[in-house]
Amino acid sequence: MHRSRLFGVLIDSPAADADAAVAFWAAALGGPTRSSAEEPEYTRIHAGPPDLALVVQSVDDSPRYHLDIETDDVAAESARLIGLGAELVTDHGGHKILRAPGGHLICVVPVQSAEDLFAADSLAWPSA
7 MHRSRLFGVL IDSPAADADA AVAFWAAALG GPTRSSAEEP EYTRIHAGPP DLALVVQSVD
67 DSPRYHLDIE TDDVAAESAR LIGLGAELVT DHGGHKILRA PGGHLICVVP VQSAEDLFAA
127 DSLAWPSA
């Protein structure tokens, strides 16, 4: 058995537009922002539900939105979603990028939330 939960909504913005995207979304949603030197491509906006991450991600690609699903077993959760109709796009080892039916991207990532939040808010799934 493994567990997973929706961790966040990511607003993917081309690198050249990322600062403007952060400023826009922070002002539009009324939340302060936080980024880190370790992962400068991610800027979190503190607005909306406290248990859902809202992040602007600087990308070398087209603008879009994607979801992050966090899990205590990346391989098992990826297999579950693929069984539901998703397709593997990229396997980065520690996380996987999938494409859901309809074309939307999903990143399956290790647990990012605080342990108590993940334990309280995640769903259990039988592993194959």
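Quick note: the sequence shown uses the numbering used here, first residue 7, plus one each step. Built from N, CA and C at the ideal position, the CB exists for glycine as well. Every value quoted in this text rests on a predicted model; they were computed, and no experiment measured them.
Per DSSP, residue i is paired with what?
i, result
"residue 118", "Residue 118 pairs with nothing; no bridge assigned."
Please report the straight-line C-alpha distance between residue i and residue j, rounded to a whole angstrom.
i, j, result
"residue 24", "residue 64", "5 Å"
"residue 199", "residue 19", "This structure does not reach residue 199, given that the chain is present from 7 up to 134, and the question cannot be answered."
"residue 135", "residue 92", "With the chain represented from 7 up to 134, any question about residue 135 goes unanswered, as that position is not in the structure."
"residue 67", "residue 112", "15 Å"
"residue 13", "residue 55", "11 Å"
"residue 35", "residue 129", "28 Å"
"residue 48", "residue 86", "27 Å"
What residue does the alpha helix (DSSP H) around residue i start on, and which one ends it?
i, result
"residue 87", "80–89"
"residue 25", "24–35"
Identify the continuous beta strand (DSSP E) that holds residue i and give its terminal residues.
i, result
"residue 72", "70–77"
"residue 110", "Segment: none, residue 110 is in no beta strand (DSSP E) and carries neither H nor E."
Cutting at 6 Å between CB atoms, please list the residues of its own chain near residue i, excluding the five before and the five after it.
i, result
"residue 40", "50"
"residue 52", "37, 38"
Excluding the 5 residues preceding and the 5 following residue i in the sequence, name in chain order all residues of the same chain whose CB lies nearer than 8 Å to its CB.
i, result
"residue 116", "76, 77, 78, 80, 100, 101"
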